[in-house]
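K.L.:
Protein chains in written order, with the working numbering: chain X, 267 to 522; chain G, 2 to 218.
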């Protein structure tokens, strides 16, 4: 019987200078200034932060250096940065700006060797495989790239196993079908991934209430959750989620 | 009072900026360097925690930093090793083969278990926040200083697959758990401090540890 300490991770999707929000990775809306939101989440007890430049892979570059540099001056929790990382040089620049981990998706699908190169130079702990999954039938999902725009023709489970073998140290799993819907997590997708992954899994997409998270944690062995909508639109606070989850799991230990 | 000269060793990879930012946030200046002469004149030395054990040791040797760190520790000036930086203080590590460390602290660095007591496989690396279970060594005043202002709500961010096993159990003043497995979280021997967690990434709890370390003379 092990009490789980699930990481609560606000996810900030960025376009240009703005924090934005989408539904099913489409229909972008501007939410506000990324640093203001990030600082608030940090003060409120966020375990980590994720910043994704959502147009970077289209333009071939990540523009988050300034935002990361500013944020790491007064935010002292781990920061993952994603979007448009294609080379060791791209990675180095972001790490030098204060990022701790790098999330890669499109570049890894197009050139899987980048995973092992990044892991060799910076360590596996630095390499987060970002996976955007879209359901194709009741038991299969396909991996998408370019922020959900392009099919990759890669099967979800095979791709995750390949990436872990190459050195990915963590999985950030986004459900395209649930993303931005607030209708709850895609539990069978998450189950499928947590069962095969030997590295920690962070899930994203669909959370509409704290109860959704509780139900997910009872069923699936996730290590963390990346939350956007619920926090950006102030439907709840990081502190509320943590208190609720801690109270529940203090009193209800799970079989492992 | 002598002005503090806080030196952070640069291993060229990973995120050292966070340590600099945290120390500056606490109101101090910091020098990031790979030069032995900067260590010689430092009042506080920090070994950060990025990369693999063997590579880091090679880099320290190639730059003649290993001998300078030993001299620094013999002078009883305070050293803080963070994560890998803490592991380097020990005699050897089994990460990617067998590698000798600095040997300033007696003991070795070993891997976290792959399976729990019930034989379930465990996901590594160990990533995330844990409380620490403190066992103060009252014979060493530095051990009391380093945990000043901590309470049972404080949690620390870990990111590790390996951990240190000190020969002298008394220098381990705090442990944390990986699933149900207890491992070394914080060691203090004379003025040498090592933390397996990342204080520069552990929000206000981590800033307390850094502040306490910088108050050691």
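Glycine included, every Cβ here is placed at the ideal spot set by N, Cα and C.
Applying a beta-carbon distance threshold of less than 7 Å, which residues of chain G neighbour residue 276 of chain X?
P.N.:
In chain order: nothing, as chain G lies at least about 14 Å away.
K.L.:
Looking at the strands, I want to know which residues DSSP matches up with residue 84 of chain G.
P.N.:
In the DSSP output, where bridge partners are listed per residue, residue 84 of chain G has none listed.
K.L.:
Could you give the first and the last residue of the continuous alpha helix (DSSP H) run that contains residue 335 of chain X?
P.N.:
331-340
K.L.:
As a quick exercise: from X/297, X/447, X/467, pick the residue whose alpha carbon is nearest that of residue 369 of chain X.
P.N.:
X/467
K.L.:
If residue 360 of chain X and residue 334 of chain X are in contact, beta carbons under 8 Å, what's the gap, nearest whole angstrom?
P.N.:
7 Å
K.L.:
Residue 425 of chain X bridges to which residues according to DSSP?
P.N.:
Residue 425 of chain X pairs with nothing; no bridge assigned.
K.L.:
Counting pairs of beta carbons, one from the stretch 432-440 of chain X and one from the stretch 381-401 of chain X, are three or more of them closer than 8 Å?
P.N.:
yes
K.L.:
Please classify residue 322 of chain X as buried or exposed, where buried requires at least 16 other C-beta atoms within 10 Å of its C-beta.
P.N.:
By the neighbour-count criterion, in which 16 or more other beta carbons inside 10 Å mark a residue as buried, residue 322 of chain X falls on the buried side.
K.L.:
Between which two residues does the alpha helix (DSSP H) carrying residue 434 of chain X extend?
P.N.:
Residue 434 of chain X -> no alpha helix (DSSP H), and no H or E assigned at all.
K.L.:
Would you tell me roughly how many angstroms separate the C-alpha atoms of residue 16 of chain G and residue 199 of chain G, rounded to the nearest one?
P.N.:
Those two C-alpha atoms are separated by around 11 Å.
K.L.:
Excluding the 5 residues flanking residue 114 of chain G on each side, which residues of the same chain have their C-beta closer than 7 Å to its C-beta?
P.N.:
123, 182
K.L.:
I need the DSSP call for residue 76 of chain G, collapsed to helix, strand or coil.
P.N.:
coil
K.L.:
Would you report the Cα separation of residue 424 of chain X and residue 418 of chain X, rounded to the nearest angstrom?
P.N.:
12 Å
K.L.:
Which residues of the stretch 106-139 of chain G have a Cβ closer than 8 Å to any Cβ of chain X? Give them in chain order.
P.N.:
117, 119, 121, 122, 124, 125, 126, 128, 129, 130, 131
K.L.:
Is it buried or exposed for residue 356 of chain X, if we count other Cβ within 10 angstroms and need 16 for buried?
P.N.:
It counts as buried.
K.L.:
Tell me where the alpha helix (DSSP H) around residue 316 of chain X begins and ends.
P.N.:
Unbroken run through residue 316 of chain X is the beta strand (DSSP E), 315-319; no alpha helix (DSSP H).
K.L.:
With a 10 Å radius around its C-beta and 16 neighbouring C-beta atoms as the bar for buried, classify residue 30 of chain G as buried or exposed.
P.N.:
exposed
K.L.:
Taking only beta-carbon positions, decide if residue 187 of chain G is within less than 8 Å of chain X.
P.N.:
No, because no Cβ of chain X sits closer than 8 Å to the Cβ of residue 187 of chain G.
K.L.:
Hey, quick one: how far does the beta strand (DSSP E) through residue 177 of chain G stretch, first residue to last?
P.N.:
173-179
K.L.:
Which residues share a DSSP beta bridge with residue 501 of chain X?
P.N.:
None; residue 501 of chain X has no bridge partner.
K.L.:
Check the Cβ-Cβ distances between residue 271 of chain X and every residue of chain G, and say whether any is below 8 Å.
P.N.:
yes
K.L.:
With a Cβ-Cβ cutoff of 8 Å, do residue 457 of chain X and residue 486 of chain X count as a contact?
P.N.:
yes
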